[in-house]
């Protein structure tokens, strides 16, 4: 098994997981809504439902959250993350993933404008306005994982 000191962080940072989002998964509080968003994305990639629920505000948190074994999260891009005002923050992001399921098989992008609130010195995810779009990349298009290689020689289909 590879340790977190060797894994690159799934959020797209050049840092290793333990130096980036892993420390928030271990209990350190995220200092900004963008950092919380990135750490939540990394938790989705790693199947850390416990962290996702722990950072979801109690007023909107679901009772449970099962990981989706058919979704392979490939990349995260932050569209905008304005500095928070009055303990409210917003992060607009796009996340690409490949769905291996029978019904929705193929490439997708989840785009969401997420809302965060700071209470008792910690940031919480409140909710978001998501849109899900099916993508149809061609073999010679750049890979959706962000590697800058062609899809056919990188993540393929």
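Numbering (my numbering), first residue to last: 3 to 159. Using N, Cα and C, we set each Cβ at its ideal position, and we do this for glycine too.
- If one requires a minimum length of 4 residues, the alpha helix (DSSP H) runs lying completely within the segment 33–81 are 35–48, 51–56, in chain order.
- Setting aside the 5 residues that flank it on each side, residue 136 is surrounded in the same chain by 106, 108, 109, 110, each with a C-beta closer than 8 Å to its C-beta; the list follows chain order.
- According to the DSSP assignment, residue 117 belongs to the beta strand (DSSP E) that extends over 108–121.
- The Cβ neighbour count for residue 35, taken over all protein chains shown within 10 Å, is at least 16; the residue is labelled buried.
- In the three-state reduction of the DSSP assignment, residue 155 falls in the helix class.
- In this chain, residue 141 is not harboured by any alpha helix (DSSP H), its DSSP state being neither H nor E.
- Non-local C-beta neighbours of residue 31 in its own chain, meaning closer than 6 Å and more than five positions away in sequence, comprise 124, ordered along the chain.
- Distance from residue 145 to residue 138 at the Cβ level is roughly 14 Å; contact not present, criterion being Cβ atoms closer than 8 Å.
- For residue 22 and residue 70, the gap between their C-alpha atoms comes out near 23 Å.
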